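For the sequence shown, the working numbering assigns the number 1 to the initial residue and increments by one for each residue that follows. In what follows, a single structure is set out as structure tokens and then discussed.
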Amino acid sequence: MIERTVFLEVSDLHVSYGQIAALRGVSLKVMTGETVCVVGPNGAGKSTLMAAIAGGVKAKRGAVTLAGQPILGNKPEEIAGRGMSLVPEGRQIFSSLTVAENLKLGGMLQGDASKARWMMGEMMDLFPILRERASYPAGRLSGGEQQMLAIARAIMTNPEIIMIDEPSLGLAPKIVDQVYEILAEIKARRGVTLLINEQSSARVLKHADRIYVLRGGQVQLCDDAANLQDGVAIKQAYFGFDREGV
Ligand SMILES: Nc1ncnc2c1ncn2[C@@H]1O[C@H](COP(=O)(O)OP(=O)(O)OP(=O)(O)O)[C@@H](O)[C@H]1O
Ligand SMILES: [Mg+2]
Numbered sequence: 001m002i003e004r005t006v007f008l009e010v011s012d013l014h015v016s017y018g019q020i021a022a023l024r025g026v027s028l029k030v031m032t033g034e035t036v037c038v039v040g041p042n043g044a045g046k047s048t049l050m051a052a053i054a055g056g057v058k059a060k061r062g063a064v065t066l067a068g069q070p071i072l073g074n075k076p077e078e079i080a081g082r083g084m085s086l087v088p089e090g091r092q093i094f095s096s097l098t099v100a101e102n103l104k105l106g107g108m109l110q111g112d113a114s115k116a117r118w119m120m121g122e123m124m125d126l127f128p129i130l131r132e133r134a135s136y137p138a139g140r141l142s143g144g145e146q147q148m149l150a151i152a153r154a155i156m157t158n159p160e161i162i163m164i165d166e167p168s169l170g171l172a173p174k175i176v177d178q179v180y181e182i183l184a185e186i187k188a189r190r191g192v193t194l195l196i197n198e199q200s201s202a203r204v205l206k207h208a209d210r211i212y213v214l215r216g217g218q219v220q221l222c223d224d225a226a227n228l229q230d231g232v233a234i235k236q237a238y239f240g241f242d243r244e245g246v
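Following this line, the structure appears as structure tokens:
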């Protein structure tokens, strides 16, 4: 049996924006090589969770460890340097730069030029559309292509864990399927660990090893995806029917 180790651990994390408590004691574990999805409605705290892990927002309380080392309070670039890559909500690619330039920027972060060139070739094999569009300004790509570019750029940093905030956002269902197929391929090739935020549980149930439901800044449910396939427990946790007696 493969002994899995905890790669990312979040313990009792609290984050507030002024008076608004966005995370209220969130704890979560991601094992090495796992795909963990955080599902939750609008305003649940999903983006805040990723931002806090990546060092983009300050936590009030709690702990985050990556490969056993505490990272909470570290600068985003230090955390990135430890093998963590974030694909933020809305992708944040440089729209006036070309596709190739966007990828190069990702590669620069890992500091090894020849490896970055090799990785760029690998990314273009994995995403043939990016090779085709290499000299296009990234802003002219479709939403799906931009999502592919954002993911490819994240991989260019040679991460051990990639956090992707709502990869499905604004994409047609067919394109979402393509994105998830590519994520599965990346996992198969590179053994990368994935933490993914989504608003809808549909795809997540198919692709995740484990699922957390976040609502109101708190974890409502955490279980193996295999135990959640009928969708009943997820729906209850997501909408809070249990509490409202619906
Ligand atoms: N920069 C900010 N300033 C003030 N409040 C914020 C800020 N960012 C988020 N919030 C609030 O924190 C809470 C959690 O927001 P967050 O964006 O993390 O949720 P989310 O689950 O990512 O939602 P969505 O599905 O809409 O992306 C919400 O109440 C939101 O209004
Ligand atoms: Mg969000």
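The beta carbon of each residue, even a glycine, is placed where N, CA and C say it ideally should be. Given the structure is predicted, the values throughout are model-derived calculations rather than measurements.
Checklist entry - Where does the unbroken alpha helix (DSSP H) through Gln-92 begin, and where does it stop? => result For the purposes of this step, residue 92 is taken as residue 92 along the sequence shown, with counting starting at 1. Neither: Gln-92 is in no alpha helix (DSSP H) and is coded neither H nor E.
Next on the checklist: Suppose only complete runs of 4+ residues qualify. What are the alpha helix (DSSP H) ranges in the stretch 113-138, listed by chain order?
Outcome noted: 113-126, 128-132
Checklist entry - Hey, would you say Glu-160 sits closer than 7 Å to Gly-83, going by beta carbons? => result Within the sequence shown, the letter at position 160 stands for residue 160. Within the sequence shown, the letter at position 83 stands for residue 83. For Glu-160 and Gly-83, yes; Cβs fall inside 7 Å.
Checklist entry - For ligand 2, is there a heavy atom less than 6 Å away from the beta-carbon of Glu-89? => result The sequence position of residue 89 within the sequence shown is 89, counting from 1. Residue side-chain check: Glu-89 places its Cβ nearer than 6 Å to a non-hydrogen atom of ligand 2.
Next on the checklist: Quick check: is any heavy atom of ligand 1 less than 6 Å from the C-beta of Gly-40?
Outcome noted: Here the question's residue 40 lines up with position 40 in the sequence shown. Correct: Gly-40 has its Cβ closer than 6 Å to ligand 1.
Checklist entry - When the Cα of Ala-21 is compared with those of Val-36, Cys-37, Lys-46, which residue comes out closest? => result One-based indexing of the sequence shown puts residue 21 at position 21. Residue Lys-46 is the option with its Cα nearest to Ala-21.
Next on the checklist: Extract the residue ranges of the alpha helix (DSSP H) inside the stretch 47-83, only unbroken runs of 4 or more that lie entirely within it.
Outcome noted: 76-81
Next on the checklist: So, for Gly-245: in the same chain, excluding its five sequence neighbours on each side, which residues have a beta-carbon less than 7 Å away from its beta-carbon?
Outcome noted: Translated into the one-based positions of the sequence shown, residue 245 becomes position 245. In this predicted model, Gly-245 has a pLDDT of only 42, less than 50, meaning its place in the structure is not dependable; the value taken from the coordinates is given anyway. Result list for Gly-245: empty, nothing under 7 Å.
Next on the checklist: Quick check: the stretch 140-155 against the stretch 171-180, are at least 3 beta-carbon pairs closer than 8 Å?
Outcome noted: yes
Checklist entry - Over what stretch of residues does the alpha helix (DSSP H) that includes Leu-205 continue unbroken? => result Along the sequence shown, one-based indexing puts residue 205 at 205. Element bounds for Leu-205: 202-207.
Checklist entry - Considering only C-alpha positions, which residue in the set Lys-29, Cys-37, Asp-209, Asp-223 is nearest to Leu-68? => result Looking up residue 68 in the sequence shown gives position 68. It should be pointed out that residue 68 corresponds to Gly in this sequence rather than to Leu. Nearest option by C-alpha distance: Lys-29.
Next on the checklist: Using 8 Å for Cβ pairs, my map puts Ile-182 next to Met-148. What's the rounded Cβ distance?
Outcome noted: Within the sequence shown, numbered from 1, the residue matching residue 182 stands at position 182. Within the sequence shown, numbered from 1, the residue matching residue 148 stands at position 148. Contact flag correct, Cβ pair sits at about 7 Å.
Checklist entry - Can you tell me where the alpha helix (DSSP H) with Ala-22 in it begins and where it stops? => result By 1-based counting over the sequence shown, the position of residue 22 is 22. Per DSSP, Ala-22 belongs to no alpha helix (DSSP H); it is in the beta strand (DSSP E), 20-31.
Checklist entry - Between the C-alpha atoms of Leu-86 and Ile-186, what's the straight-line distance to the nearest angstrom? => result Reading the sequence shown from its first residue, position 86 is the one you call residue 86. Reading the sequence shown from its first residue, position 186 is the one you call residue 186. About 15 Å.
Item to check | Residue environment, Gly-40, which counts as buried when at least 16 other CB atoms sit within 10 Å | outcome: On the sequence shown, residue 40 is found 40 positions in, with the first residue counted as 1. Per the 10 Å Cβ criterion, buried.
Checklist entry - Nearest to Val-26 by alpha carbon, out of Thr-32, Gly-107, Asp-12, Gly-33? => result Residue mapping note: residue 26 aligns to position 26 of the sequence shown, counting from 1. When only C-alpha atoms are compared, the closest one is Asp-12.
Checklist entry - Hey, Thr-65 and Val-15 are a contact pair by Cβ (cut 8 Å); roughly how many whole angstroms apart? => result Here residue 65 refers to the residue found at position 65 when the sequence shown is read from its first residue. Here residue 15 refers to the residue found at position 15 when the sequence shown is read from its first residue. At roughly 17 Å, the Cβ-Cβ gap does not stay under 8 Å, so Thr-65 and Val-15 are not in contact.
Checklist entry - Is DSSP giving Asp-177 helix, strand or coil here? => result Stepping through the sequence shown from its first residue, residue 177 is reached at position 177. Asp-177 falls in the helix class under three-state DSSP.
Item to check | Helix, strand or coil at Glu-185 according to DSSP, with G and I counted as helix | outcome: For the purposes of this step, residue 185 is identified with residue 185 of the sequence shown, where counting begins at 1. Glu-185 falls in the helix class under three-state DSSP.
Checklist entry - Which term fits Glu-78, buried or exposed, when burial requires 16 or more other beta carbons within 10 angstroms of its beta carbon? => result Within the sequence shown, residue 78 is the residue found at index 78, counting from 1. Exposed: under 16 other Cβ atoms inside 10 Å.
Next on the checklist: When you compare the CB positions of Val-219 and Ile-234, do they come within less than 7 Å of one another, or not?
Outcome noted: The residue you call residue 219 lines up with position 219 of the sequence shown. The residue you call residue 234 lines up with position 234 of the sequence shown. Going by C-beta atoms, Val-219 is not nearer than 7 Å to Ile-234.
Checklist entry - Exposed or buried, which one is Gln-229 when buried takes at least 16 other CB atoms within 10 Å? => result Indexing the sequence shown from 1 puts residue 229 at position 229. Exposed, because fewer than 16 other Cβ atoms sit within 10 Å of the Cβ of Gln-229.
Next on the checklist: Looking only at its chain, what residues have a beta carbon closer than 7 Å to the beta carbon of Gly-139, apart from the 5 residues adjacent to it on each side?
Outcome noted: One-based indexing of the sequence shown puts residue 139 at position 139. The residues are Ser-95, Ser-96.
Next on the checklist: Looking at ligand 2, does it come within less than 6 Å of Lys-257, judged from the CB to the closest heavy atom?
Outcome noted: A query on residue 257 cannot be resolved here, the shown segment of the chain reaching from 1 to 246 and no further.
Checklist entry - Do you know offhand how far His-207's Cα is from Ile-196's? => result As a first step, residue 207 must be located in the sequence shown, where it is residue number 207. As a first step, residue 196 must be located in the sequence shown, where it is residue number 196. Straight-line Cα distance between these residues: approximately 10 Å.
Next on the checklist: Please report the straight-line C-alpha distance between Leu-109 and Gly-121, rounded to a whole angstrom.
Outcome noted: Start at 1 with the first residue of the sequence shown, and residue 109 comes out as number 109. Start at 1 with the first residue of the sequence shown, and residue 121 comes out as number 121. For Leu-109 and Gly-121, the distance between alpha carbons rounds to 17 Å.
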